[in-house]
Amino acid sequence: MELTFDNNIPIYIQLLEYMKIYLISGVFKSGDKLPSVRDFATTFKVNPNTMQKALAELESMKLIYTERTNGKYVTKDKKLIEKLKDEYAMTLAKSYFQGMKRIGLSKADSIKYLERVDD
10 MELTFDNNIP IYIQLLEYMK IYLISGVFKS GDKLPSVRDF ATTFKVNPNT MQKALAELES
70 MKLIYTERTN GKYVTKDKKL IEKLKDEYAM TLAKSYFQGM KRIGLSKADS IKYLERVDD
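Next up, the structure:
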């Protein structure tokens, strides 16, 4: 999983956002055991302390939890993951429509463009 980082945003925040996407998209499913901090850090080519900071933030959001001596796991609260997915989808939708509005297109016209997009 090669990530591209923006130098203007702290890496741990970017990792946090990538991890949220992995959770809501099902890359990591509810109840899954996560790789170790060190394994994540190696995979993402970041400092383990930076990775730990991102994981700690996910834990404070209740999206993951730690079982002593067993590691970190994705929350079993599927409603929480669905809520996060809904919030993320709304953010993307609002951003799309705001962009289309800036170039002078109505919501109805913007939807026509969405319908023309191939998967």
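Heads up: the sequence shown is residues 10 to 128, going by our numbering. Where a beta carbon is used, it is the ideal one built from N, C-alpha and C, also for glycine. Source: prediction; values computed, not measured.
Option nearest residue i by Cα separation, candidates the options
{"i": "residue 32", "options": "70, 113 and 115", "result": "70"}
{"i": "residue 86", "options": "111, 79 and 74", "result": "74"}
{"i": "residue 29", "options": "44, 59, 18 and 97", "result": "97"}
{"i": "residue 90", "options": "17, 40 and 18", "result": "40"}
{"i": "residue 61", "options": "107, 117 and 25", "result": "25"}
{"i": "residue 81", "options": "44, 56, 38 and 115", "result": "44"}
{"i": "residue 54", "options": "38, 113 and 12", "result": "12"}
{"i": "residue 109", "options": "122, 100 and 51", "result": "122"}
{"i": "residue 83", "options": "64, 16, 112 and 114", "result": "64"}
Residue range of the unbroken alpha helix (DSSP H) whose run includes residue i
{"i": "residue 46", "result": "46-53"}
{"i": "residue 120", "result": "116-125"}
{"i": "residue 22", "result": "20-34"}
{"i": "residue 13", "result": "Careful: residue 13 lies outside any alpha helix (DSSP H) and carries neither H nor E."}
{"i": "residue 60", "result": "57-69"}
Limits of the unbroken beta strand (DSSP E) element including residue i
{"i": "residue 108", "result": "Premise fails: residue 108 lies in the alpha helix (DSSP H), 87-111, not in any beta strand (DSSP E)."}
{"i": "residue 75", "result": "73-76"}
{"i": "residue 3", "result": "Outside the shown range of the chain (10 to 128) lies residue 3, about which nothing can therefore be said."}
Neighbourhood of residue i by C-beta distance below 8 Å, restricted to the same chain and skipping five residues each side
{"i": "residue 14", "result": "20 and 23"}
{"i": "residue 118", "result": "109"}
{"i": "residue 79", "result": "42"}
Cβ shell of residue i (< 7 Å), same chain only, five flanking positions each side left out
{"i": "residue 94", "result": "33"}
{"i": "residue 67", "result": "25, 28 and 73"}
{"i": "residue 47", "result": "57"}
Residues near residue i in its chain [Cβ-Cβ closer than 6 Å; skip 5 each side]
{"i": "residue 50", "result": "57 and 60"}
Cβ-Cβ separation, residue j to residue i (assumed contact under 8 Å), whole Å
{"i": "residue 106", "j": "residue 92", "result": "With 8 Å as the limit, residue 106 and residue 92 do not qualify as a contact, their Cβ atoms being about 21 Å apart."}
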